[in-house]
Amino acid sequence: MIIKSSATLRNNYRKVADFCIESGQPVFLTNNGEGELVVMSIQAWQEERQRIQVEEALLRVEERERLGIAKYTPAKEAVARWREIVEKAKERQNNE
1 MIIKSSATLR NNYRKVADFC IESGQPVFLT NNGEGELVVM SIQAWQEERQ
51 RIQVEEALLR VEERERLGIA KYTPAKEAVA RWREIVEKAK ERQNNE
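Everything in the sequence shown is counted per the working numbering, starting at 1 for the first residue and increasing by one.
Following this line, the structure appears as structure tokens:
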């Protein structure tokens, strides 16, 4: 974890920004010795948001399965089912 004072950001913005961009790591900023902000690259922020969204979606699926609202389907079965659907759609197009 990288911790810097807010003065470091003010005085060395480019250096802090380059570190965040190149390393993908955040920099934690303090003001008067107290944690105040986190600075990170846009790329790192977007990746973190995507990771959180995937985790939230998985939790929703698990909850629906636990409540009996949805049934878990292994990936191989889901892919096989989609292939069947695509093949049937192609057959219908060929028969028209």
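Positions of the beta carbon are idealized from the N, C-alpha and C atoms, including for glycine.
Sequence-distant residues of the same chain with beta carbon closer than 7 Å to residue i, five excluded per side
i   : result
G35 : F28
L9  : V16, L29, V39
A70 : V61, R64
Cut-off 8 Å between Cβ atoms - residues of its own chain near residue i, not counting five sequence neighbours on either side
i   : result
F19 : I2, Q25, V27
K4  : V16, V27, F28, L29, T30
Backbone CA spacing between residue i and residue j [nearest angstrom]
i   : j   : result
V79 : Y72 : 13 Å
N94 : R83 : 16 Å
Y13 : G33 : 19 Å
P74 : R81 : 11 Å
E96 : E77 : 29 Å
E47 : N11 : 28 Å
Chain-order list of residues whose beta-carbon lies under 6 Å from that of residue i (same chain, five-residue window excluded)
i   : result
N31 : S6
Check: Below 8 Å, can you find three or more Cβ-Cβ pairs linking the stretch 52-59 to the stretch 16-35?
Finding: Verdict: no, contact absent.
Item checked: Stretch-stretch touch, CB-based, cutoff 8 Å, three pairs: the stretch 59-74 with the stretch 40-49 -> Not touching, per the Cβ criterion.
Next item on the list: Quick one: which unbroken alpha helix (DSSP H) runs of 4-plus residues sit fully inside the stretch 67-96? Chain order, please.
Entry: You should have 75-95.
Item checked: Entirely enclosed beta strand (DSSP E) segments - the stretch 12-51, minimum 3 residues -> When DSSP assignments are scanned along the stretch 12-51, the uninterrupted stretches of beta strand (DSSP E) that are 3 or more residues long and fall wholly within it turn out to be 27-31, 34-39.
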